[in-house]
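Visitor: Sequences listed follow chains A and B, in order.
Throughout the first sequence, residue numbering follows numbering that gives the first Met the number 0, covering 0 to 140 in sequence.
Throughout the second sequence, residue numbering follows numbering that gives the first Met the number 0, covering 0 to 140 in sequence.
Where is the CB? At the ideal position from N, CA and C, for every residue including glycine.
None of the values given here were measured: they were computed from a predicted structure.
Number of protein chains: 2
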Amino acid sequence: MPRAAAVPHDFPDPHHDHAVCGAAAMAEADHVCRKRNARLTAFRRRVLEAIWADHAPIGAYDILARLNAHGERNAPMAVYRALEFLMENGLVHRLSSLNAYIGCRHAGRAHTGQFLICTRCNSVAELTSDAVHNSVERAAK
Amino acid sequence: MPRAAAVPHDFPDPHHDHAVCGAAAMAEADHVCRKRNARLTAFRRRVLEAIWADHAPIGAYDILARLNAHGERNAPMAVYRALEFLMENGLVHRLSSLNAYIGCRHAGRAHTGQFLICTRCNSVAELTSDAVHNSVERAAK
DNA sequence: CTCGGATATGTTATGATATAACATCTATTC
DNA sequence: GAATAGATGTTATATCATAACATATCCGAG
């Protein structure tokens, strides 16, 4: 099983080799989908690749623009459907406060997530802190 | 200074007297704005009242519908501008995941907020847990 | 293999949320 | 009471997301 050595848990090192990082994420996605009997089709794969093209969160229409950069005519619906699939399978998270999407850095591992979003550069760190979960439990009685 | 006895910190008691609760919030808003030299104009006040009309988060266009229920013709812009003001002054929070807004239950007191949002009924509890803040500090190095 | 159902994608239209840009009004200060 | 800053009015449009229905593809049962 491909491990996520190139997919760390904190803010991405600005000097890391992102090609490697993205490739690792794609491999992990393949693995997760095979395990879950989920169809990572060519189109969905391309959407995920577009998301992993950078560590920054990316909007649905920006993904679309990337896919359509060379004359293709995909519709927004297609992207949103792919995103739905990717989120269902834990490969992508939606950042509501940014209306944007980001590749999950813990795909394939159970996790409850929090995100730290830099308000200057929109860099994102995905956390897995139990403290919040505990607060939730407590408040929910 | 009006204290927030009727504005508790957890999920609102379904049996509380919300008229009192809303009135307390409005009084607190008056106080905060006076202290900050911020102008809680008639229109902004009405928007805040619409938000406090219920404990549920409310969308901008739902606020608008409320204001326009009797033939008025306010524009979306007006509501968004009022919301901007109310948020700047800590009277209202935006719940990005719902595209909705809710009255702050700690107005006038310094706080870092988290929200618990019931996925069934959209009931919201506003927390003030330091655990998250600490995680942030740690991860941000 | 081929039929049939399930899944995925294509296509068009529209809904829902939010902001830009500029005009006008109102309040406050001097 | 004129200047100025702040607030509101108005129109248009940007941005994000989904509904509804048609078509294509995959895949297992027979």
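The alpha helix (DSSP H) that contains I101 (chain A), what's its start and end?
Guide: Element bounds for I101 (chain A): not the alpha helix (DSSP H) but the beta strand (DSSP E), A99 to G102.
Visitor: Does S96 (chain B) have its Cβ less than 8 Å from a Cβ in chain A?
Guide: Chain A, which has a Cβ nearer than 8 Å to the Cβ of S96 (chain B), makes this yes.
Visitor: How many angstroms separate the CA atom of A22 (chain B) from the CA atom of N98 (chain B)?
Guide: A22 (chain B) and N98 (chain B): Cα-Cα distance of roughly 25 Å.
Visitor: Identify every residue that forms a DSSP beta bridge with A124 (chain B).
Guide: Per DSSP, B:L115.
Visitor: Mapping the DSSP letters down to three states, classify H39 (chain A) as helix, strand or coil.
Guide: Looking at the sequence provided, one finds Leu at residue 39 (chain A) rather than His. In this structure, L39 (chain A) counts as coil in the three-state DSSP scheme.
Visitor: Spatial neighbours of A3 (chain B) within its chain, please: CB distance less than 6 Å, with the 5 preceding and 5 following residues excluded, ordered by chain position.
Guide: In this prediction, A3 (chain B) scores a pLDDT of 40, lower than 50, which makes its location untrustworthy; no coordinate-derived value is stated.
Visitor: For V31 (chain B) versus A81 (chain B), is the C-beta spacing smaller than 8 Å?
Guide: Taking 8 Å as the Cβ cut-off, V31 (chain B) and A81 (chain B) do not qualify as a contacting pair.
Visitor: Mind the definition here: the region 50-67 of chain A touches the region 121-130 of chain A only if three or more C-beta pairs lie below 8 Å; say whether that holds.
Guide: They touch, by the three-pair rule.
Visitor: Can you tell which of B:E71, B:I50 and B:H110 has the C-alpha that lies nearest to the C-alpha of D61 (chain B)?
Guide: Nearest of B:E71, B:I50 and B:H110 to D61 (chain B), Cα basis: B:I50.
Visitor: Measuring CB to CB, does M25 (chain B) end up less than 8 Å from L47 (chain B)?
Guide: The answer is yes: Cβ separation under 8 Å.
Visitor: Taking the alpha-carbon positions, what's the F10 (chain B) to D129 (chain A) distance?
Guide: Distance between the alpha carbons of F10 (chain B) and D129 (chain A): 21 Å.
Visitor: Less than 8 Å between the C-beta atoms of C103 (chain A) and L90 (chain A), yes or no?
Guide: Result yes, Cβ atoms of C103 (chain A) and L90 (chain A) sit closer than 8 Å.
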